[in-house]
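Peer 1:
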Amino acid sequence: MLRALRVGNLALVDELEIQVGTGLTMVTGETGAGKSLIAGALSLLAGGKATKGMVRHGTDLAFVEGVFDLGDRPADREDLAALGIRIGSDGVLVLRRELKIEGRGRTLINGLFSSQALLEQIGKRLLSVQSQDQQRHLSRSGFAGEFLDRALGLEVELAEMENVLAAYLSLAEDLANRRREDELAREQLDIWEYQLRELSEAGLDTEEPALLTEQLALGRNARALLEGAASCRQDLTEGEGNAQGKLGSAEVALASLADGSPGLSAILAMIRDALANTSEAAADLERFLDNLDLDPARLDEMEERKALYDELCRKYRRDVPELINLRDDLAQRLKRQGRAASDLEELATAVEQARGKVANQAEHLYKLRRDGAPEVVSQATAIIRRLALPDLELEFSVELDQDPSGWLDLGGHACRAGKRGADRVELLARTNRGEAPGRVSQIASGGERSRIFLGLSVIGEQPHRRPLLLFDEIDAGLGMDNAVPVAELLERLAADGQVFCITHLPTVACRGHSHWKVYKKAEGDRTVLRVEELDPSGRVRETARLLGGEAVEADVSESQLNYARQLLSEGRRHAVEGGQD
């Protein structure tokens, strides 16, 4: 629900704030007073087109701001959440549109900068302005089908259509991807098999390259190592003057003297450690010499093995762990390719089964629409004919959306299919006897389209999702008596929502639950627009003025005032009977 409308520096408005209530609000004023500016301001909040000429002369910035209370509209809050708009626990949503003389305007949603595209998505959920939206709705592709589906209550069937279509499209994509994968695999199969064979026969091991490097380093220097180790062992334990013998002699010499000298005891300990280390080093040299492999054939084998690793890494541009991963991946690819035929067969079967479900649901929707359309037409016609359209004839054209390239077969016809089914729905009308029926958007006048939309709104909209509706001069061209059914329908729409009506007829204005008067006022050297919510006496005088056409208030007669009181009394009685007072 819209709770407040604020406007600043827009056309003739310098500053304006209107507190908005529920029910039916009437807006009146003399010709040229600026009544349509209310519609224009709401259109801007709904994402309508803005021009720099809307900015009040002499100012740089104009704005329109709407404060909405969505506390009792959980469905709208869910929709906004899906769009990324967070609504606080108070349920308040503030939309603001700014227009600038220089530079681009701005859009703010709950105080945060946003885009006009997002504002349009939000605005169409909350506001519907006749001067802009309703006639566009009637000509919008898909309007007739969406309206018929709402009137028939096909929400469950449409949700099922979306589900089966999504399942089909997902499976069809899986099948297409699997086919592309199979085609690629067929092209690469010989290469994959060769690569797998080459990598598998190589017997790759992540630790082997480092071990080969170490062994090759030893093998290539084996003779020098052998000679050096043998010489070292001789110096340590063999030959004349070896280290072990000399250390032994030194130990014997000091052993008898060390007891009397702490210093010599420490030196003796170091000599004994050196003697032990010499013996251990000699033993290690012995083992090293015993294990040293000087076999040239073995050395050649290691060289070849190392060259194989280097060649594979260079060829595939991968290190050894990556080569092993590639080998395993190739094995999986070939295994998967081995079952490609069965996979494709299973997927093709699943796709056809899913296509069948889409066809069944699309045909089900087609029959429901075709069979249910006459009753909806009958209800709509009965309502709309009372709106000064006595000769109106409506008809829903429900036809399969045939297309030679369509992927869905319905009754032997190739059809296109979408989330709403596989048919096209159009609303046809004949407003005068003897005329051929045609599309409502083409055959009906502006006023007729407004009244047709009004009648459809009563049938097709869900009250808990209905936006604020503004009808601008919906009674244009009607007399006071012919406009009464229009007022009654407006009351019906406003019973559980908000409806604004800009009118010039007293028989319509008297049905409002609240009444605003728009007028111009000279202030200094400027003309400004003002909006005043009328009290009971003010409503009497404004209704009396409307009875006199464009007469000024000073010319209102007592008889007009009495008739105005009578009309307002009848309007209140209707409101009480309708449970609105």
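Using the numbering used here, the first residue of the sequence shown is number 211, and each one after it goes up by one.
We put the CB at the ideal spot given by N, CA and C, even for glycine.
1. Cutting at 8 Å between CB atoms, please list the residues of its own chain near D691, excluding the five before and the five after it.
2. Hey, would you say A243 sits closer than 9 Å to E227, going by beta carbons?
3. Measuring alpha carbon to alpha carbon, tell me which of Y576, L557, G648 ends up nearest E383.
4. Would the segment 600-612 count as touching the segment 368-387 if we require 3 or more Cβ pairs under 8 Å?
5. Under the three-state reduction of DSSP, which class applies to V853: helix, strand or coil?
6. Quick one: what's got a C-beta closer than 7 Å to V339's C-beta in the same chain, skipping five residues either side?
7. Helix, strand or coil for M236? Go by DSSP, reduced to three states.
8. Run the CB neighbour count on K245, radius 10 Å, all protein chains shown included, and call it buried at 16 or more, exposed below.
9. State buried or exposed for T737, treating a residue as buried only when at least 16 other CB atoms are found within 10 Å of its CB.
10. For A491, which residues in the same chain have their Cβ closer than 7 Å to its Cβ, ignoring the five residues on either side in sequence?
11. Quick check for students: name the residue ranges of the alpha helix (DSSP H) that lie wholly in the segment 328-409, counting only runs of 4 or more.
12. If you count every other CB in all the chains shown that lies within 10 Å of the CB of P695, and 16 or more means buried, which is it?
13. Does the segment 350-358 touch the segment 629-636, meaning 3 or more C-beta pairs lie closer than 8 Å?
14. So who's on the other strand from Q229, going by DSSP bridges?
15. Report the rounded CA-to-CA distance for V816 versus L336, giving the unit in angstroms.
16. Can you tell me where the alpha helix (DSSP H) with H574 in it begins and where it stops?
17. Going residue by residue through the segment 419-448, where are the continuous alpha helix (DSSP H) segments of at least 4 residues, counting only ones entirely within it?
18. Could you give the distance in angstroms between the alpha-carbon of R595 and the alpha-carbon of S607?
19. Kindly list the residues whose CB is nearer than 8 Å to the CB of L222, restricted to its own chain and excluding five residues on each side of it in sequence; keep chain order.
20. Would you mind reading off the limits of the alpha helix (DSSP H) that contains S325?
21. I'd like the span of the beta strand (DSSP E) that includes G276, first residue to last.
22. Out of curiosity, what's the CA-to-CA distance linking Q776 and S769?
23. Give me the DSSP bridge partner(s) of H623.
24. Which same chain residues, not among the five before or five after L509, have their C-beta less than 7 Å away from its C-beta?
25. Alpha carbon to alpha carbon, how far is I653 from S349?
Peer 2: This is what the structure holds:
1. T717
2. no
3. L557
4. no
5. Coverage of the chain is limited to positions 211 through 791, which leaves residue 853 absent and any answer about it impossible.
6. A249, L252, S253, A256, L680
7. strand
8. buried
9. exposed
10. L446
11. 345-349, 353-362
12. buried
13. yes
14. A214
15. Any property of residue 816 remains undetermined from this structure, which presents the chain solely from 211 to 791.
16. 550-594
17. 432-447
18. 20 Å
19. G244, L247, R266, K730, T737, V738, L739
20. Segment: none, S325 is in no alpha helix (DSSP H) and carries neither H nor E.
21. 271-279
22. 11 Å
23. L620
24. G429
25. 11 Å
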